[in-house]
Amino acid sequence: FVYNLVAEDTREGKVLRKLFEKLEEIRKAMGTDKVFDVLSEILYNRNLSQLLMEAAANARGIDDILKDLDIRVDEDYIAQVRDNLGESLATRYIDYTRIGEMARQAREYRLIPEYTESYFKKTFRRAGGKLRELKDGFLAIDAIPYDLCAIGEREDFRKGRGAGALLKRYPKVTFDKDVAFRNPDAEFVSFGHPLFESLMEWVERQYPDVLTTGAVFTDPDGQLDGHVLFYEGEIRDGAGGVAGKRLFAFYVAKGGIRHISPAIIWDLAEGGAAASPTDIDFLRRGALGPAIAGLEAYKGELLNERQRQAAIKEKYGVKSLEHLILKLDGDLISLYDRKNQGENVDLAIHNAEE
Numbered sequence: 007f008v009y010n011l012v013a014e015d016t017r018e019g020k021v022l023r024k025l026f027e028k029l030e031e032i033r034k035a036m037g038t039d040k041v042f043d044v045l046s047e048i049l050y051n052r053n054l055s056q057l058l059m060e061a062a063a064n065a066r067g068i069d070d071i072l073k074d075l076d077i078r079v080d081e082d083y084i085a086q087v088r089d090n091l092g093e094s095l096a097t098r099y100i101d102y103t104r105i106g107e108m109a110r111q112a113r114e115y116r117l118i119p120e121y122t123e124s125y126f127k128k129t130f131r132r133a134g135g136k137l138r139e140l141k142d143g144f145l146a147i148d149a150i151p152y153d154l155c156a157i158g159e160r161e162d163f164r165k166g167r168g169a170g171a172l173l174k175r176y177p178k179v180t181f182d183k184d185v186a187f188r189n190p191d192a193e194f195v196s197f198g199h200p201l202f203e204s205l206m207e208w209v210e211r212q213y214p215d216v217l218t219t220g221a222v223f224t225d226p227d228g229q230l231d232g233h234v235l236f237y238e239g240e241i242r243d244g245a246g247g248v249a250g251k252r253l254f255a256f257y258v259a260k261g262g263i264r265h266i267s268p269a270i271i272w273d274l275a276e277g278g279a280a281a282s283p284t285d286i287d288f289l290r291r292g293a294l295g296p297a298i299a300g301l302e303a304y305k306g307e308l309l310n311e312r313q314r315q316a317a318i319k320e321k322y323g324v325k326s327l328e329h330l331i332l333k334l335d336g337d338l339i340s341l342y343d344r345k346n347q348g349e350n351v352d353l354a355i356h357n358a359e360e
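Residue numbering for the sequence shown follows my numbering, starting at 7 and increasing by one per position.
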C-alpha cells in the first residue's frame, strides 16, 4: 500500500494528490490491480522528484507543475506503460492471485501428517526401533536402531539426502509442521529429515524387490479397476543441474491407458494381497510412450519458463547497461571539462574509462 502523509493543502501535497489521481486513472485504464514498484515506468518522461523539489522550492508555479502530471491516458500511453513494465513479466509486479493458487495447490497436494506418521511408526518398528506415545499426540524415540545409525553416519548421506546429523534420541517428535511451529521444543520429522531419510534408505535396501512390484489399494468409490503406474520425471539443463522434477501417474485398465493426477492415491484405501500375479514389465512397456510424452511436455513447460526469464533479464539488463553507459559518458564529459579548466582529474578519468 502507498499512503500520502503530506498535507494536501501544501504545494507538495497538491503534487502528490494529483499523482495518486493519475495513478488510479492509469490502473483503471489498464484493468488490473497489479502493484507497480517503479513509478518512473508509469510516469515515463516525467521526473517526479524534480517536480516535488520545484514545488517545495517554489521554483515554478503550482499550476504549471500540476499540468506536467496531467497525462492523457489514451491507448498509446497505456501501450507504452505496458511495454515499459513488461506486461506479463513477474519482475514488475506481484501476482498475488497466482501465489494464492500455488499455496492452495501446495496445501491440497501436501502429504497428510497422519499418513507420514503411520508409515514411520510401522516402518520404524519393522527396523527394530521402539517408540513411546506421549500425550497430545507426540512421540518419544529413546534410541535409534543400529542399521539407521550406520546409514546416518555415512558422509555421503549427511551431505546428500540426510541433510544433517542423525541424533541418538528424539524426546519429542511430531509429523505435523503446524504443531511443530506451535511447540518449539518438538522435532518436526518428515521428508528431508535425517531420521526419516535414513529410514527410507533402510526400506530401499531391505525391500528392493517389493518397491518394484507395487502394492494393492482399493477404491472406496468403486470407479477404478486396473493399475496405476507412478514415474518420477527429471529434466536437467545444459550445465547438468536439475531444472525440474515432476511425479507422473498413468491409469492402465481394459479401456487403455490415460494420464491421471498422482494425488489419486489419497482417495484409495490400503488393500490386501494381490489376487493374481501382475505382469509388471507388460504394464511398463504400455506406459512408456505416454510417460515419455508427458516428460517431453514438462520439458516444454520448463523451456518456456526459462525463455521467459531470459527475456526478462535481457530486456532489463540491456536497459540497465544503456543507462550505465549514458551515465559514464556524462561523467567523462564532466571530468574532461574539469581537466580543461586545469583540475587534476587524470586518475578519475582513467577509472571511469576502465
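We put the beta carbon where it would ideally sit given N, CA and C, even for glycine.
If you compare the alpha carbons of G228, R78, R188, E159 with that of L172, the shortest gap goes to E159.
Secondary-structure assignment with DSSP links T224 through a beta bridge to A275. Beta-bridge partners assigned by DSSP to H233: V258.
Just so you know, the alpha carbons of P200 and A85 end up roughly 53 Å apart. It is roughly 29 Å from the alpha-carbon of D142 to the alpha-carbon of A269. The beta carbon of E60 is closer than 7 Å to those of R66, I71 in its chain, skipping five residues each way along the sequence.
Assigned with DSSP and collapsed to three states, F194 falls in strand. For F223, the closest alpha carbon among the candidates A280, F181, D191, R290 is that of A280.
In the DSSP assignment, A281 forms no beta bridge with any residue.
In the DSSP assignment, the residues bridged to L253 are E238. Spanning the alpha carbons of G228 and G262 requires a straight line of approximately 18 Å.
Sequence-distant partners of V79 (beyond 5 residues in either direction) whose C-beta falls short of 8 Å from its own C-beta, in its chain, are K28, E31, I32, A35.
In this structure, L140 lies near K178, with their beta-carbon atoms less than 8 Å apart.
Look at the beta carbons and you see the region 205-218 touching the region 125-132: at least three pairs across the two are nearer than 8 Å. Taking a 10 Å sphere around the C-beta of E349, we find fewer than 16 other C-beta atoms and assign the residue as exposed. Restricting attention to alpha helix (DSSP H) runs no shorter than 4 residues, the region 111-167 encloses them at 119-132, 152-159, 161-165, ordered along the chain. It is roughly 28 Å from the alpha-carbon of I266 to the alpha-carbon of F181. E120 places its beta carbon 8 Å or farther from that of I157.
For L338, the CB contacts under 6 Å within the same chain, skipping 5 residues up- and downstream, are A358 in chain order. With fewer than 16 other Cβ atoms inside 10 Å of its own Cβ, E161 counts as exposed.
Apart from the 5 residues on each side of it in sequence, E360 has no Cβ closer than 6 Å to any other Cβ in its chain. K178: member of the beta strand (DSSP E) spanning 176-180, first to last residue. In this structure, W272 is the residue among G250, W272, Y342 with its C-alpha nearest to the C-alpha of V234. When the five nearest sequence neighbours on each side are left out, the beta carbons in the same chain lying within less than 7 Å of the beta carbon of D225 are those of L274, in order along the chain. By a beta-carbon distance limit of 8 Å, S204 contacts L154. Their separation comes to about 5 Å.
A check of alpha carbon separations from P296 across G239, I331, T218 identifies G239 as the nearest.
Cβ-Cβ separation between I286 and T218: approximately 7 Å, consistent with a contact (criterion under 8 Å). Counting of Cβ neighbours within 10 angstroms places P190 among the exposed residues, the total staying below 16. Rounded to whole angstroms, the gap between the alpha carbons of R242 and V248 is 4 Å.
Between G277 and the set F256, G220, E320, the nearest pair of CA atoms involves G220. Annotation for S204: the continuous alpha helix (DSSP H) segment containing it runs 200-212. In the structure shown, I77 adopts coil according to DSSP, grouped into three states.
As computed with DSSP, H265 is found in a beta bridge with F256. For V248, the beta-bridge partners assigned by DSSP are R242.
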